[in-house]
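A.B. asks:
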Amino acid sequence: MTDSPTTSTTITHADRKEIARYLLARGLDPVTSTIDPARTLIDLGHDHTIAFPDGLEPTPAPISPAPGEDDPLPEADVVVITWTVDEVSGLAHVLTPNIGPEKWHKYARGFDKYQPKIRPHAPAAQARRLGSYLPTQIGDKRVLCMKSELHLNQDGVKTGDGTATLPVKDFFLQIIAEAKPKLVLTIGTAGSVYEDFGLGDVVVSRAAKFRCQNEFRNEPFNGQSYHSDWVLPTDHLDDAERLMRTLSSEILEPPFAPPTKRFRFKGEPITTPGNQPQIRLDGRDMPQFHPILTTDYFEYGTSANRLDKEGAAVEMGDAALGLACAELANPPHWAAVRNMSDPTINGDLPAKEYPLNEQTTWAVGYYTAYGKWTSTLGALATWGLIAGVPD
Numbered sequence: 089m090t091d092s093p094t095t096s097t098t099i100t101h102a103d104r105k106e107i108a109r110y111l112l113a114r115g116l117d118p119v120t121s122t123i124d125p126a127r128t129l130i131d132l133g134h135d136h137t138i139a140f141p142d143g144l145e146p147t148p149a150p151i152s153p154a155p156g157e158d159d160p161l162p163e164a165d166v167v168v169i170t171w172t173v174d175e176v177s178g179l180a181h182v183l184t185p186n187i188g189p190e191k192w193h194k195y196a197r198g199f200d201k202y203q204p205k206i207r208p209h210a211p212a213a214q215a216r217r218l219g220s221y222l223p224t225q226i227g228d229k230r231v232l233c234m235k236s237e238l239h240l241n242q243d244g245v246k247t248g249d250g251t252a253t254l255p256v257k258d259f260f261l262q263i264i265a266e267a268k269p270k271l272v273l274t275i276g277t278a279g280s281v282y283e284d285f286g287l288g289d290v291v292v293s294r295a296a297k298f299r300c301q302n303e304f305r306n307e308p309f310n311g312q313s314y315h316s317d318w319v320l321p322t323d324h325l326d327d328a329e330r331l332m333r334t335l336s337s338e339i340l341e342p343p344f345a346p347p348t349k350r351f352r353f354k355g356e357p358i359t360t361p362g363n364q365p366q367i368r369l370d371g372r373d374m375p376q377f378h379p380i381l382t383t384d385y386f387e388y389g390t391s392a393n394r395l396d397k398e399g400a401a402v403e404m405g406d407a408a409l410g411l412a413c414a415e416l417a418n419p420p421h422w423a424a425v426r427n428m429s430d431p432t433i434n435g436d437l438p439a440k441e442y443p444l445n446e447q448t449t450w451a452v453g454y455y456t457a458y459g460k461w462t463s464t465l466g467a468l469a470t471w472g473l474i475a476g477v478p479d
């Protein structure tokens with residue numbers, strides 16, 4: 089379902105496009121776009137046992153013999169799609185335990201038809217595949233975990249002024265056609281836009297909106313919102329939050345002080361309390377169908393830009409799933425599950441783009457320091473949703 093568009097303005101900070109591409113490709117080999125296995129390890133320095141309720145432990149089910157890259161996807165009740173190395177590390181730790189993402193089945197079916205729509209040197213072009221996947225089981229639900237190599241921010245080939253190709257939308261349609269899921273969840277990191285949605289909180293929204301100001305600014309879908317009428321299952325969200333809080337120590341923010349001793353400073357650094365991560369639902373913790381904001385550059389929420397008035401969190405891909413489902417006569421239910429890898433940034437900090445933007449520096453720093461841990465929290469929230477889906 090689609091909702092009415094709003095107007096977007098032209099972006100003035102061009103480097104944020106490249107910042108986004110850097111962050112999305114972190115942990116990939118720059119030549120082959122293969123995952124560095126060392127980057128996927130969830131190294132807690134101690135045993136981290138996830139005490140799932142009996143009968144709801146995720147049980148990975150690799151296909152044997154292993155499928156070829158051109159084989160169709162297996163059918164599943166739920167498809168979970170994520171994007172970056174940090175994100176897939178968290179997803180594998182939770183939903184495919186003991187099988188790291190570097191061991192997932194590679195998927196390149198129909199890659200040749202996608203290739204003209206992918207810019208040279210994008211991760212999918214380097215890898216010559218669309219993604220990777222591994223089936224798993226949660227209770228009686230068949231779940232297909234996927235990492236996409238395609239991405240709204242990475243792939244676009246310019247087709248005009250403010251228009252570009254969007255192959256990830258076609259990829260969503262292909263996944264739905266082959267796996268035939270009843271539910272699709274796109275999960276990953278995001279910037280918080282609500283000041284009380286802290287680091288590690290997980291936003292779940294059944295809506296997404298394009299907020300593009302770069303290569304897609306003149307596309308007809310820009311400004312459009314999409315939503316799914318799925319009824320959010322809540323039976324196991326308390327269990328998920330209990331499991332999430334076992335990782336509270338991994339998202340402890342450091343004491344804050346000015347960045348160098350050249351600044352005069354009196355008193356002790358400000359120590360932040362440890363966050364107890366929560367799951368935030370549209371229709372409960374925010375307006376119903378309050379959309380995830382999908383941008384074509386690295387955007388983040390601040391206390392000044394008040395993106396909470398427009399959406400639930402900010403990221404770079406979910407609205408493409410809404411767009412794909414809007415093209416189908418009988419689409420699956422869908423939702424976006426986004427972990428807050430950076431909190432709402434102080435809008436009083438310097439925002440000049442050159443030579444240094446302190447706001448962007450903090451947003452990028454949070455993402456790189458905490459993205460793997462918050463992604464694990466997002467994967468636990470995803471487990472809670474799937475575990476609660478009625479038979």
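Sequential numbering from 89 applies to the sequence shown in this note's numbering.
Every residue, glycine too, gets a C-beta built ideally from N, C-alpha and C.
If you count every other CB in all the chains shown that lies within 10 Å of the CB of residue 463, and 16 or more means buried, which is it?
C.D. replies: Buried, by the Cβ-count rule.
A.B. asks: Enumerate, from N- to C-terminal direction, the unbroken alpha helix (DSSP H) stretches of 4 or more residues contained entirely within the segment 216-256.
C.D. replies: You should have 240-243.
A.B. asks: Pick helix, strand or coil for residue 469, following the three-state DSSP scheme.
C.D. replies: The answer is helix: DSSP assigns residue 469 an H, G or I state.
A.B. asks: Report the three-state DSSP secondary structure of residue 98 (helix, strand or coil).
C.D. replies: Since pLDDT at residue 98 reaches only 41, below the 50 mark, its modelled position is unreliable, and no value is offered.
A.B. asks: Do the segment 241-250 and the segment 268-284 make contact, defined as three or more Cβ pairs closer than 8 Å?
C.D. replies: Contact fails: fewer than three Cβ-Cβ distances are below 8 Å.
A.B. asks: Under 8 Å, do residue 237 and residue 208 count as touching if we go by C-beta distance?
C.D. replies: Contact: no.
A.B. asks: Bridge partners for residue 280 per DSSP, in chain order?
C.D. replies: Bridge partners of residue 280: 401.
A.B. asks: Do residue 342 and residue 465 come within 8 Å of each other at the CB atom, strictly closer than that value?
C.D. replies: For residue 465 and residue 342, no; Cβs fall outside 8 Å.
A.B. asks: By a C-beta neighbour count over all protein chains shown, 10 Å radius and 16 as the cutoff for buried, is residue 151 buried or exposed?
C.D. replies: Exposed.
A.B. asks: Is residue 324 helix, strand or coil by DSSP?
C.D. replies: DSSP places residue 324 in coil when its eight states are reduced to three.
A.B. asks: Tell me which residue opens and which closes the beta strand (DSSP E) that residue 298 is part of.
C.D. replies: Per DSSP, residue 298 belongs to the beta strand (DSSP E) from 295-298.
A.B. asks: Confirm, please, whether the CB-CB distance from residue 279 to residue 388 is below 8 Å.
C.D. replies: Against a cut-off of 8 Å, the Cβ pair of residue 279 and residue 388 comes out as a contact.
A.B. asks: Helix, strand or coil: which one does DSSP assign to residue 330?
C.D. replies: It is helical.
A.B. asks: Can you name the residues that DSSP bridges to residue 391?
C.D. replies: Answer is none; residue 391 lacks a bridge partner.
A.B. asks: For residue 316 versus residue 421, is the C-beta distance shorter than 8 Å?
C.D. replies: For residue 316 and residue 421, yes; Cβs fall inside 8 Å.
A.B. asks: Rounded C-beta distance between residue 403 and residue 382? I'm assuming under 8 Å.
C.D. replies: So it is a contact: roughly 6 Å between Cβ atoms.
A.B. asks: Give me the Cα-Cα distance between residue 166 and residue 233, rounded to the nearest whole angstrom.
C.D. replies: Near 9 Å, if we compare the C-alpha coordinates of residue 233 and residue 166.
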